[in-house]
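Participant:
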Amino acid sequence: MKILAFETSCDDTAVGVVQDGVHVLAHKTASQIEHNVYGGVVPEIAARLHSERWREVMDACLAEAKLSIEDIDALAVTQGPGLQTSLLVGTTAASFLSLAYGKPVIPVHHVHGHVVSVVLGRKLSQIKLPMLSFTISGGHTKLHMCKNFVHVQEIGSTIDDAVGEAYDKVAKMLGLGYPGGPIVSEYAEKGDEKAYDLPRIYLAKESLEMSFSGMKAAVYRLVESAEDHQDEGFRADVCASFQAAVRDTLVRKLERAIDQNPEVQTVGFAGGVSANVRLREALGRVAESRGVEFLVPREFLYCTDNAAMIGASAYVQYMADPSVAKVQYVDANSRMVMQ
Ligand code: KG4
Ligand code: ZN
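Residue numbers for the sequence shown follow numbering that gives the first Met the number 0, so the first one is 0 and each next one is one higher.
(1) Can the beta-carbon of Arg234 be found closer than 9 Å to that of Met214?
(2) Report the three-state DSSP secondary structure of Gly89 (helix, strand or coil).
(3) How far does the beta strand (DSSP E) with His143 in it extend, from its first residue to its last?
(4) How long is the line joining the alpha carbons of Gly120 and Val149, rounded to whole angstroms?
(5) Which class does Thr248 belong to by DSSP, given the choice of helix, strand or coil?
(6) Tell me where the beta strand (DSSP E) around Met130 begins and ends.
(7) Under the criterion of a Cβ to heavy atom distance below 8 Å, does Gly8 qualify as lining the ligand ZN?
(8) From what residue to what residue does the beta strand (DSSP E) around Ser312 run?
(9) Which first and last residues belong to the beta strand (DSSP E) in which Gly79 is found?
(10) Hey, quick one: how far does the alpha helix (DSSP H) through His190 stretch, first residue to last?
(11) How should Ser352 be labelled, buried or exposed, when 16 other C-beta atoms within 10 angstroms of its C-beta is the threshold for buried?
(12) Report all residues from its chain with a CB closer than 7 Å to the CB of Gln229; omit the five preceding and five following residues, and keep chain order.
(13) What would DSSP say about Leu197, mapped onto helix, strand or coil?
(14) Spell out a yes or no on whether the stretch 324-337 and the stretch 77-89 are touching, meaning 3 or more CB-CB pairs, one atom from each, closer than 8 Å.
(15) Label Pro261 either buried or exposed according to how many other C-beta atoms from any shown protein chain fall within 10 Å of its C-beta, with 16 as the threshold for buried.
(16) Would you kindly work out how many angstroms separate the C-alpha atoms of Glu63 and Val14, rounded to a whole number?
(17) Report the three-state DSSP secondary structure of Gly155 (helix, strand or coil).
(18) Of all the options Pro106, Asp72, Ala99, which has the alpha carbon lying nearest to the alpha carbon of Leu87?
(19) The ligand ZN and Asp167: does the residue's C-beta get closer than 8 Å to at least one heavy atom of that ligand?
(20) By DSSP's criteria, Phe211 is part of a beta bridge. Which residues make up the other side?
(21) What residues does the ligand ZN have around it, judged by CB closer than 5 Å to any heavy atom, in chain order?
(22) Can the beta-carbon of Ala29 be found closer than 9 Å to that of Glu55?
(23) Excluding the 5 residues preceding and the 5 following Tyr314 in the sequence, name in chain order all residues of the same chain whose CB lies nearer than 7 Å to its CB.
(24) Please work out which residues of its chain come closer than 7 Å, Cβ to Cβ, to Leu202, disregarding the five sequence neighbours upstream and downstream, and give them in chain order.
(25) Can you name, in chain order, every residue of its own chain whose Cβ lies under 6 Å from the Cβ of Asn275, other than the five neighbours on each side?
(26) CA-CA distance, Lys27 and His111?
(27) Just mark Ser224 as buried or exposed, buried being the case when its beta carbon has 16 or more other beta carbons within 10 Å.
(28) Please state whether the Cβ-Cβ distance between Arg255 and Glu205 is less than 9 Å.
(29) Out of Ile71, Val104, Leu66, state which residue places its alpha-carbon closest to the alpha-carbon of Pro321.
(30) With distances taken between CB atoms, is the gap from His34 to Tyr177 smaller than 9 Å?
Here it is in structure tokens:
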């Protein structure tokens, strides 16, 4: 089954063709560097660029897969959550194609896409279930228990900032640009993680809730009181100390989640922050110490927002319930909740 998938929930216009949920036949993204000067995504600009670009990104993707729309079995699109006006461009494009070509379209929850992104390039039957999924991105920091790929239950979440968002804010405070994740992790390699003792918020003893705003506020105070916050050594030490505090918090939460759910066979680490090699190492060690398999997306491209994961999500949903695929108009839903 070949699915043509669209993802436009934020600032990347992404289109992919995914066969049987795991084989990525082609993938194209147009990233919007236009937001960099603002230090964050401007919704109006994002929507305008999506609408200017989706068609050419789709054409390039289909050309790479050597397919035309007629060869596609179904469409998939991110319905939500995300920026409403960005979502609208993707859902309108997919709905138009559905109605014009008579192809069924499957609506996808963006975070479900991240959860299943670890299946891409792998064999579905070889992934041991239940899977505990840690989805950590710019908008979400979630723990899910997945009995299978469609029964996904939230067991923990951040109560304030998402981890990726905290990385982005730290980068902004230090004047390092946007997005913050890659640059902060690069600086962290050169710094001393013991330079500053940033707060680790573990909350109640058994809690799987998380909090990162205290860490961010502590960085703000450091930057405010620094003699020269653009000093390279200072920046590196702050980044290293911040990343260590994030790491320790995530490690503690993953340990708790596995210990509270001993039936877990696999831990999946997904979302933009799963591109971070040091966090992968630390969470991988937790899984290993408990005899649990550890999976991260097979390619870095599948960590950050992409359309391949949307195709994978649509496929597993379709296999569980073919009625999800309909010739239809899909409404964008910026506050969509996972079923
Ligand atoms: O999944 P994603 O593309 O978008 C959302 O759904 O939010 O995640 C983007 C986030 C950004 O906050 C970015 O700073 C973060 O992922 N990120 C990283 C790294 N690469 C991207 N965070 C930490 N380390 C990285 N290497
Ligand atoms: Zn995302």
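Even glycine gets a Cβ: it sits at the ideal position worked out from N, Cα and C.
Facilitator: With the structure as the only source:
(1) no
(2) helix
(3) 140-145
(4) 19 Å
(5) helix
(6) 130-135
(7) In the sequence on display, residue 8 carries Ser and not Gly. Under cutoff, so the answer is yes.
(8) Careful: Ser312 lies outside any beta strand (DSSP E), inside the alpha helix (DSSP H) at 307-319.
(9) 73-79
(10) Sequence check: residue 190 is Gly here, not His. Per DSSP, Gly190 belongs to no alpha helix (DSSP H) and is neither H nor E.
(11) Past the boundaries of the shown model lies residue 352; the chain is included only from 0 to 338, so the question cannot be answered.
(12) Gly174
(13) coil
(14) yes
(15) exposed
(16) 11 Å
(17) strand
(18) Pro106
(19) no
(20) Beta-bridge pairing links Phe211 to no other residue.
(21) Ser136, Asp304
(22) yes
(23) Met0, Ile2, Val17, Asp19, Gly20
(24) Glu208, Ser210
(25) Ser184
(26) 20 Å
(27) exposed
(28) yes
(29) Val104
(30) yes
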